[in-house]
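Input: a single structure, listed below in C-alpha cells.
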Amino acid sequence: MSVKIMADSACDLPLDFYEENGAILFPLKVQIDGTEYEDLRTIQPKEVYDAIRAGNLPKTSQASPAGFKEVFTELAENNQDGIYIAFSSELSGTYQTAVMIAQQVKEEYPDFNLSVIDTKCASLGQGLVVMEAVRMAEANRPKEEIVQAVQFLSQHMEHLFSVDDLDHLAKGGRVSKASAFVGGLLNIKPLLNVEDGKLVPIEKIRGKKKLLRRIIEVMRERGDGIEDQIVGISHADDLETASEMKDMVISELHAKDVYITSIGAAVGSHTGPGTIAIFFLNKQPS
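The numbering of the sequence shown is the working numbering, which starts it at 2 and goes up by one.
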C-alpha cells in the first residue's frame, strides 16, 4: 500500500484484520488485579467480562507513547506515508499522545507525511471507518482522498448502543452519575448515542424487545441509504442479541451487509457485559 493505515484497539476490529490487511495496531492497555495487558494482544474481551462479573473493576489506559514513537519513526525512515485513525479524543488521551509524538518525529523528519485523525468515534463506528480506509489504501487511492473519506465517514457515523448497567460507564467517567441512575430491577434499558465524541443517554426503554424495535426506528429516522451500507454491530459477550439485531436490520432495513464483532477489552472495561451497539451512516458520500 502506498499509505500505511494505523488504528488503535478501541475500534474493536479483530486481530486477524490487521494481520490480513497490513494495518498497524496500537493496543490500549487494560489492568486487572494489578496486572497490565495489551488489548487484543495479551487479553481477550471474555476475560474482562468474566472479571467484571466476578466483581473486579478493570482499569484502562491509553496506547503506549513508545509504540507510537517506534512506528512513526520507522515509517519516516522508510519514506512511507501514514494515516492514524484514532479513538475519540473525548474518551481517551490516545489521540493527543499520538499528535505529540508525531510532532516530535516530524521535527527529526520534516518531510514525513503523516495524518493523525480524531474520529470522535468509538468501537465499530471507528472500525467501519478504518475498514474503508484500508480498502482505499489497498486500491492505491491518494492519501489526501483517504483522509477526506475518513473525515467524512467519522463526521457522519451514527452510534446507538445500550448497556446492561450504566454504572460501568459512570465509574469510568464516561457518563455522569446522574445519567447512570436507570433502575435495572425494572428492566429499563438505556439507549445512548455519541455526540461530538461524547456518550450521551437519549432514552430509557423498558425491555429488550422494545429496545431493539426502537433502535430500528431510530435507524430509519437517521440513516441515509442503509440498503447501500455495511452496518456494524458490536456486542459485549452477547452474540445472540447481536445476531437478532442483524436479522432485523437485514429483513426490515435491507442493509447491504452487516458486520459483527465483539466489543474489545478496553472499551468493554467501561461498558460491561451485555452491551449491544450498532453503527451506520446518516449521510452517504456523494
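Every residue gets a Cβ at the ideal spot worked out from N, C-alpha and C, and that includes glycine.
By a beta-carbon distance limit of 8 Å, Ser90 does not contact Asp51. Their separation comes to about 30 Å. The beta-bridge partner set that DSSP reports for Arg207 consists of Ile189. In the three-state DSSP reduction, Asn283 falls in the coil class, being neither helix nor strand.
The three-state reading of DSSP puts Leu41 in coil, since its state is none of H, G, I, E or B. For His271, the three-state secondary structure derived from DSSP is helix. By the Cβ test, the segment 149-161 is in contact with the segment 275-284, since at least three Cβ pairs between them sit closer than 8 Å. In this structure, Ile86 places its C-beta atom within 7 Å of the C-beta atom of Val131. Note that the C-beta distance between Val72 and Ala267 is not below 7 Å.
Residue state for Met137 is assigned as helix, using DSSP reduced to three classes. CA-CA distance, Ala150 to Ala55, rounds to 42 Å. For secondary structure counted as the alpha helix (DSSP H) over 4 or more consecutive residues, the segment 70-130 holds these complete runs in sequence order: 95-109.
Using a Cβ distance threshold of 7 Å, Glu39 and Pro28 count as a contacting pair. Cβ-Cβ separation between Leu254 and Ile217: approximately 7 Å, consistent with a contact (criterion under 8 Å).
For Lys257, there is no enclosing beta strand (DSSP E), since its DSSP letter is neither H nor E.
DSSP places Ser62 in the uninterrupted beta strand (DSSP E) bounded by Lys60 to Ser62. Contact check for Thr262 and Leu14: beta-carbon distance about 6 Å, within the 8 Å limit, so the pair qualifies.
When C-alpha distances from Phe88 are compared across Gly273, Ala64 and Ala140, the shortest belongs to Ala64. A distance below 7 Å separates the beta carbons of Asp165 and Gly275. In this structure, DSSP gives Pro202 an extended state, which the three-state scheme calls strand. In this structure, Val117 is the residue among Asp82, Val117, Glu78 and Glu109 with its C-alpha nearest to the C-alpha of Gln97. Ranking Ala24, Lys247 and Arg223 by CA distance to the CA of Ile234 puts Lys247 first. In this structure, Phe69 places its C-beta atom within 7 Å of the C-beta atom of Ile102.
About 15 Å separates the beta carbons of Met2 and Glu145, which is beyond the 8 Å limit, so they are not a contact pair. Proximity to Asp17 across Arg42, Leu115, Lys190 and Glu37 peaks at Arg42, based on C-alpha coordinates. Within 10 angstroms of the beta-carbon of Glu133 lie 16 or more other beta-carbons, which makes it buried.
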